[in-house]
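Here the structure is laid out as structure tokens; the discussion comes afterwards.
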Amino acid sequence: SAGFGSSCLPSWLHWVESCSSTNTWAMQADSLHHGEVVFTRQQTAGRGQHGRTWYAPPGVLTASFVLDRLHSSQLPGLSLAAGLAVIYAVEDLLPDLSSKLWLKWSNDVLIEERKLAGILCEAASRGSHTRVVVGIGLNRCADFTQAGLDPDLVNSAVSLYQVSESVPEELALLERLRHYLLQVSDICQRDGIAALISQLRDRDFLYGRPVTIELAGEQLSGQAVGIDTSGRLLLQLQAEVKALVSGRVVWWKD
Ligand code: BTN
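According to the UniProt record's numbering, the sequence shown is numbered sequentially starting from 8.
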């Protein structure tokens, strides 16, 4: 682990040997401040979107970023903003990938059509303010083509290692992710997610595609026709356009 000796850890980084979930760790540690980061190489019970458990094979970067200056109303937009931050961080370190990076509403970062990173934003009220924890699982050097993995995962996931000649160091990724998360959260706090709308639209993977979204146990099928200035997915149905705050994309195609 070159460049990651304990002597040169930045003060914002909490490196834990092992934990159930960096998000849980960060939510429970009262002393954490804005901009602090919890990182582990061994997450034993990672959590994903929609209450699912989230399994990460070795080589996936798992970390949680604490943002303490947001209002809870900014939370839905923040997960999209966090997706942009992931794209900017990867793009800084691996510029060749830039044109292949997409944001799949509302929480996934893709390389072409496969998932590079997932995001889980959680919030808890702390007296006068809200603590937000942005958990990111980024497929750094896992190899999803390896035998023995669930074929669904092989087809739907991709890592930096699989698509790039070099893979950035963990610390470099954490530093860039933190940098851009702080930047987009400042923007959200000041002006709301609307201030990032053109960047979001540039990266909108679902735009123009037929999709099926699961929402409160119901499925809605239509065409994705963009993201509105509140960060909602616009879904064209037979007779109307519905704006969805949340939901799970269960199907999409060209
Ligand atoms: C998803 O794609 O469903 C979201 C996955 C989020 C995983 C990350 S790994 C670091 C942080 N800790 C967790 O338990 N989950 C997030």
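The C-beta atom is built at its ideal place from N, Cα and C for all residues, glycine as well.
The structure presented is a predicted model; accordingly, all values stated were derived computationally and were not measured.
For residue i, count neighbouring Cβ atoms within 10 angstroms of its own Cβ and tell me buried if that reaches 16, exposed if not.
i, result
"Asp193", "exposed"
"Ser166", "buried"
"Thr152", "exposed"
"Trp112", "buried"
"Ala9", "Model confidence at Ala9 stands at a pLDDT of 44, short of 50, so the residue's coordinates are unreliable; what they give is reported in the following sentence. Label assigned to Ala9: exposed."
"Thr29", "buried"
"His21", "buried"
"Ala88", "buried"
"Trp258", "exposed"
My output table needs one value for residue i: the three-state DSSP class, helix, strand or coil.
i, result
"Gln56", "helix"
"Ser8", "For Ser8, the predicted structure reports a pLDDT of 43, less than 50, and the residue's modelled location is therefore unreliable. A value from the coordinates is still provided. In this structure, Ser8 counts as coil in the three-state DSSP scheme."
"Pro64", "coil"
"Asp209", "helix"
"Gly224", "coil"
"Gly229", "strand"
"Leu123", "strand"
"Asn114", "coil"
"Ala89", "helix"
"Arg216", "coil"
"Ser253", "coil"
"Ser18", "coil"
"Gln81", "helix"
"Ser132", "strand"
"Ser71", "strand"
"Leu240", "strand"
"Leu108", "strand"
"Gln50", "strand"
Rounded C-beta distance between residue i and residue j? I'm assuming under 8 Å.
i, j, result
"Thr60", "Gly53", "7 Å"
"Leu74", "His41", "6 Å"
"Leu77", "Leu85", "7 Å"
"Gly233", "Arg208", "7 Å"
"Ala131", "Arg138", "5 Å"
"Ile143", "Ala124", "6 Å"
"Gln81", "Gln196", "7 Å"
Report whether the distance from the Cβ of residue i to the nearest heavy atom of the ligand BTN is below 6 Å.
i, result
"Ser253", "no"
"Ser80", "no"
"Trp22", "no"
"Leu127", "yes"
"Gly66", "no"
"Trp19", "no"
"Trp32", "no"
"Ser105", "no"
"Thr51", "no"
"Thr69", "yes"
"Arg54", "yes"
Would you verify that the beta carbon of residue i is, or is not, closer than 7 Å to some beta carbon of chain D?
i, result
"Ile204", "Here chain D cannot be found, since the structure has a single protein chain."
message = If we require 4 or more residues per run, which alpha helix (DSSP H) segments fall completely within the segment 136 to 193?
response = 158 to 163, 167 to 170
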